[in-house]
Amino acid sequence: MGVRMVTSKVVMFTIQGLLNDGEDFVCIPKGEPISIASDVSTIYPIDEECTSKFEKYCTDLKNMLPISTISSEINKSQANL
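According to the numbering used here, the sequence shown is numbered sequentially starting from 6.
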């Protein structure tokens with residue numbers, strides 16, 4: 006994802022992916038975090054349910070992959086929430 010323009014009234018960004026390479030999107034900032042998931046550009050607000058699902062996903066990932074470098078990357082991503 007590349008952010009092309011940010012003002013107090015509009016945010017313009019480009020999605021790079023396998024299916025929709027180079028698609029441009031323009032949205033009105035509302036002061037709330039958003040999440041962009043998958044290559045079909047599903048955009049939805051981040052809420053407690055989304056956060057808890059992500060935390061569960063990270064925990065499950067830790068349990069499946071005991072490699073220390075992967076665990077440290079997961080911990081870094083959790084710290085950024």
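Quick reminder that beta carbons are idealized off the backbone N, C-alpha and C, glycines included.
Across the structure, V16 and M10 are spaced so that their CA atoms are roughly 6 Å apart. In the structure shown, the three-state DSSP call for M17 is strand.
Within the model, the alpha-carbon separation for G7 versus T64 is close to 29 Å. Taking 8 Å as the cut-off, the beta carbon of I51 is found no closer than this to the beta carbon of P34.
Collapsing the DSSP output to three states places D29 in a strand. Within the same chain, T19, Q21 come within 7 Å of G27 by CB-CB distance, once the 5 residues on both sides are set aside. DSSP places M69 within a helical segment (H, G or I) once states are collapsed to three.
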